[in-house]
Amino acid sequence: MSSQSSPIVEAPQPQVERHIMRREEVERKTGFKRAHIYNLMREGKFPQAKRIGLRAVGWDSLEI
């Protein structure tokens, strides 16, 4: 029996596509409601929303 160890092979990480998440998608993914998300943002415990239009905001999917 050989005392050589076999090399460790890491599984490839799935490639996640980066996109802008609107509030509804953030709510579905986190389970948080609108008011809780904004409270956490104010406390610095949730990523800040980015303005994407006059009346629209979104979050970077890699931050959520």
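The opening residue of the sequence shown carries number 118 in our numbering; numbering runs sequentially from there. Ideal placement from N, C-alpha and C gives every residue a C-beta, glycine not left out.
For residue i, which residues in the same chain have their Cβ closer than 8 angstroms to its Cβ, ignoring the five residues on either side in sequence?
i: Ile181; result: Met138, Val143, Lys146, Thr147 and Pro164
i: Leu157; result: Phe149 and Phe163
Spatial neighbours of residue i within its chain, please: C-beta separation below 6 angstroms, excluding the five flanking residues on both sides.
i: Val174; result: Ala166 and Arg168
i: Trp176; result: Met138, Val143, Pro164 and Ala166
To the nearest angstrom, how far is it from the Cα of residue i to the Cα of residue j?
i: Arg151; j: Glu127; result: 38 angstroms
i: Arg135; j: Gly161; result: 22 angstroms
i: Pro129; j: Ile154; result: 32 angstroms
i: Gly170; j: Ser178; result: 17 angstroms
i: Arg159; j: Arg140; result: 16 angstroms
Could you tell me the boundaries of the beta strand (DSSP E) in which residue i lies?
i: Val174; result: Val174 to Asp177
So the alpha helix (DSSP H) residue i belongs to, where does it begin and stop?
i: Ala152; result: Arg151 to Arg159
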